[in-house]
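Each residue of the sequence shown is one higher than the one before, starting from 4 at the first, in this note's numbering. Ideal Cβ placement from N, Cα and C applies to all residues, glycine included. Structure record follows, encoded as structure tokens.
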Amino acid sequence: MASDRVVIETVVSKYCDHLPLYRQEALLEREAGVEISRATLDGWVMRVGELLQPVVEAMRADLLRASYIQADETVVPVQMHDGRGSDHQAYLWQYGTLSNGRGRETVFDFQPGRGRDGPAKFLKDWNGILQTDGYQAYDRVGEAGLIHVGCWAHARRKFVDAVKVNLKDSAAIAMVTRMIVFSGSPRTATEAGHGRTCCLAP
4 MASDRVVIET VVSKYCDHLP LYRQEALLER EAGVEISRAT LDGWVMRVGE
54 LLQPVVEAMR ADLLRASYIQ ADETVVPVQM HDGRGSDHQA YLWQYGTLSN
104 GRGRETVFDF QPGRGRDGPA KFLKDWNGIL QTDGYQAYDR VGEAGLIHVG
154 CWAHARRKFV DAVKVNLKDS AAIAMVTRMI VFSGSPRTAT EAGHGRTCCL
204 AP
């Protein structure tokens, strides 16, 4: 039976150091003369994931106490054991906030697809301001009082595409860039009002 330290090192090496299990298997045999199959290592990782599920649920519950959440999703390749091979495309959905008074909080939710089921389940019964890139899967999630807002960084990309057709649109890019920089700067309410009037003028 492996010690907790060995199991933890396996998980940290896989997810923090990006060291695949097949390479860990080879490394253990070469450096320590220990033969541990990849299937065994995989079993440890799966078991740790199961044991951490209550922690993830507690993190999710804490995150959903916030009144403002940012959400985005990204592709992650996974190996499936159902005949689909090693190139199956799954998604990590990220939900984060800065409004809980303890710095940034982020929870990742793995889903096999990019449909509405993922965010609908994660944000079930939540009310607040949800900021996304406008992807339609975020529509009609949460409670009726949820307010869905856009993201200037994603909106800016549309102007970048437009400049390829019309160079006059570069002025819009400059303005949106100023808005993004300004919105990320610490300021008082008075400074914010002054900035909107002066700094963000066309």
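Start and end residues, alpha helix (DSSP H) containing residue i
i	result
residue 30	24-30
residue 155	155-166
residue 123	120-125
residue 17	7-18
Same chain, Cβ closer than 6 Å to residue i, neighbours up to 5 away in sequence not counted
i	result
residue 192	Residue placement at residue 192 cannot be trusted, given a pLDDT of 48 that sits under 50; what the coordinates show is reported in the next sentence. No residues qualify anywhere along the chain.
residue 137	153
Terminal residues of the beta strand (DSSP E) in which residue i lies
i	result
residue 110	108-114
residue 152	150-152
residue 98	91-100
residue 134	132-134
Residues near residue i by beta carbon distance below 8 Å, same chain, minus five either side
i	result
residue 62	108 and 110
residue 94	76, 77, 78, 79, 113, 114, 115, 116, 117 and 121
Rounded distance between the beta-carbons of residue j and residue i, thought under 8 Å
i	j	result
residue 72	residue 153	Contact doesn't hold; Cβ gap of about 14 Å is too wide.
residue 176	residue 163	6 Å
Contacts around residue i, its chain only, beta-carbon distance under 7 Å, and the 5 residues preceding and following it disregarded
i	result
residue 118	140
residue 40	28
Proximity winner among the options, relative to residue i (alpha-carbon distances)
i	options	result
residue 129	165, 151 and 172	151
residue 184	173, 174, 170 and 156	156
residue 55	81, 14 and 35	14
Exercise. Which ranges does the beta strand (DSSP E) cover as unbroken runs of at least 3 residues, wholly within the stretch 20-81, from first to last along the chain?
Worked result: Whole beta strand (DSSP E) segments, 3+ residues: 71-81.
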